[in-house]
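In this note's numbering, the protein residues as written are 13 to 151. Just so it is clear, CB atoms sit at the ideal spot from N, CA and C, and this is done for glycine as well. From a predicted model like this one, the values you see are computed outputs, not experimental measurements. One structure below.
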Amino acid sequence: MEICFFAEDIDMPDFDQDKISDWIIRTIDDRALSTWNISVIFCSDAYLLNINRQYLNHDYYTDVITFDYSENKRVSGDIFISVDMIRFNAEKFARNEKNELFRVIIHGVLHLCGYKDKSPEDKKEMTKQENLALSNLSF
C-alpha cells in the first residue's frame with residue numbers, strides 16, 4: 013500500500029504529504045475499501061491538456077484526470093492534477109488555494125472509490141462526498 017506524490021513540469025505544491033496520505037487512506041477506509049497504490053501527479057495546464065488529448069480524445073483544459081486501476085475493492089490509480097487550474101478555480105470560486113488543492117485531490121480519490129460526476133445527480137453526490145471528506149481534514 014502506497015500513496016506517492018510527484019511533480020512533472022512544475023514545483024511540488026507545499027503541503028504535509030504524510031497528513032494528506034493518512035487522510036486519503038481514512039477516506040478510502042470509510043467506504044469499506046482498501047488502499048493499494050495511488051500516485052498523485054501535479055502538473056501544468058499544458059501537461060494535463062496533452063494527457064486529455066492523448067488518452068481521452070478531449071481537447072479542453074481540466075483540473076483533474078483520474079486513471080482508475082482499482083480491482084476487488086482495492087483502490088489504485090493515477091491522479092493528474094493541474095496546479096494552474098487549481099489557482100484559477102481558487103480565485104474564481106473565492107476559495108483558499110490549499111483548500112481547492114485538497115478538494116481536487118479527494119475528488120480524484122473519490123473517482124477511484126467509484127463515484128461519478130457526469131450527471132447532475134452524480135455531481136451532487138460527488139460534492140457531498142468531497143465536503144464530507146474535507147470536513148475530516150483539519151487545515
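- For the region 50-98, the full-length beta strand (DSSP E) segments reaching 3 residues or more read 76-80 and 86-94 along the chain.
- A Cβ-Cβ separation of about 11 Å leaves R107 out of contact with L146 under the 8 Å criterion.
- F17 places its beta carbon less than 8 Å from that of V52.
- At the C-beta level, M13 and T47 come within 8 Å of one another.
- Counting only residues of its own chain and dropping the five nearest sequence neighbours on each side, I36 has a CB closer than 6 Å to the CB of I15 and V121.
- When the five nearest sequence neighbours on each side are left out, the beta carbons in the same chain lying within less than 7 Å of the beta carbon of I118 are those of T39, E142, A145 and L146, in order along the chain.
- Contact check for G89 against F79 passes: the beta carbons are separated by less than 8 Å.
- In this structure, S94 and L60 form a Cβ contact; the two beta carbons are roughly 4 Å apart against a cut-off of 8 Å.
- A distance below 7 Å between beta-carbons, with the five flanking residues on each side excluded, links S82 to the following residues of its chain, in chain order: S88, G89 and L124.
- If you look at I15, you'll find it in the beta strand (DSSP E) that goes E14 to A19.
- S33 sits in a helix when the DSSP states are folded into three classes.
- From the listed residues S56, R43 and K140, the smallest Cα separation to D96 is found for S56.
- According to the DSSP assignment, M24 belongs to no alpha helix (DSSP H), since it is labelled neither H nor E.
- Under the three-state reduction of DSSP, S150 is assigned to coil, being neither helix nor strand.
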